[in-house]
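Asks:
In the numbering used here, the protein residues as written are 9 to 221.
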């Protein structure tokens, strides 16, 4: 728990994006909603405008800045919510299942954008998700079950433990699953396999190194 003395400091440093953007979008127009947080910090108008302009640009919202929130698609609304969070210039960004209502291609583009921003802006990101396809985009993955951390490490390390992931109702990519099955059959194949490109490279290496290769 955060005591009252430090609540304001935490709010300035940590931004949260929820599962349903309608739970946090409070203004009628896109540009006004992105500006809502910085305005409540009591910043100078020039600083607010700079933050809003930067966040809108980073999320690719320039063409819909004047549109009404109610006219946006779910994916657009979530981008607006993230832009508003980024306009606060947080040290940490917490994403609480922000893509669960979105089609997979839209979700992957959104999370890829956030990942790239975290690197370019030197911002920590905590992304809560059930999607293993999204988790592999980040540097570190923690798998929790009933409040306990059961796996913790780089994506390739975590997704090698296919059986433990499945025990808690999670799955891995098709490439990681196939690699796991090949190893179980005694076929020597690389460990760091997360996608089809990794699997193709590992299979090529295995064939080239085989006696008959």
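A virtual CB, placed ideally from N, CA and C, is assigned to each residue, including glycine.
Going along the chain, which unbroken runs of the beta strand (DSSP E) with 3 or more residues stay wholly within the segment 46-128?
Replies: Segments of the beta strand (DSSP E) lying fully in the segment 46-128: 100-104.
Asks: Per the DSSP calculation, residue 136 is bridged to which residue(s)?
Replies: DSSP, once it has assigned bridges, lists 104 as partnering residue 136.
Asks: Does residue 80 come within less than 7 Å of chain D when only Cβ atoms are used?
Replies: Going by chain labels, chain D is absent from the structure shown, which holds only one protein chain.
Asks: Quick one: complete beta strand (DSSP E) runs, 3+ long, within the segment 150-203?
Replies: For the segment 150-203, whole beta strand (DSSP E) runs of length 3 or above, ordered along the chain, are 156-161.
Asks: By Cβ distance below 6 Å, which residues in the same chain neighbour residue 210 in space, the five residues on each side in sequence not counted?
Replies: Result list for residue 210: 197, 198 and 201, in chain order.
Asks: Closest to residue 189 by CA distance: which of 53, 206, 142 and 171 is it?
Replies: Checking every option, the nearest Cα to that of residue 189 belongs to 171.
Asks: Which residues share a DSSP beta bridge with residue 23?
Replies: Note: residue 23 sits in a beta bridge opposite 101.
Asks: Specify the secondary structure class of residue 37 as computed by DSSP and reduced to three states.
Replies: Here residue 37 sits in strand by DSSP.
Asks: Tell me the rounded alpha-carbon separation between residue 176 and residue 113.
Replies: Each residue's Cα considered, the two are about 25 Å apart.
Asks: On the CB-based measure, 16 or more other CB atoms within 10 Å of its CB, does residue 166 come out buried or exposed?
Replies: The residue is buried, with at least 16 neighbouring Cβ atoms inside 10 Å.
Asks: Could you check if residue 135 is buried or exposed, using at least 16 other CB atoms within 10 Å of its CB as the buried criterion?
Replies: Buried.
Asks: Using three-state DSSP, classify residue 28 as helix, strand or coil.
Replies: Three-state result, residue 28: coil.
Asks: Assign residue 15 to buried or exposed, taking buried as 16 or more other Cβ atoms, counted over all protein chains shown, within 10 Å of its Cβ.
Replies: Classification of residue 15: exposed, given that the 10 Å Cβ count is below 16.
Asks: Would the beta-carbon of residue 25 fall within 7 Å of that of residue 93?
Replies: Going by C-beta atoms, residue 25 is nearer than 7 Å to residue 93.
Asks: Could you compute how far the alpha carbon of residue 62 sits from the alpha carbon of residue 212?
Replies: Answer to the nearest angstrom: the Cα atoms are 44 Å apart.
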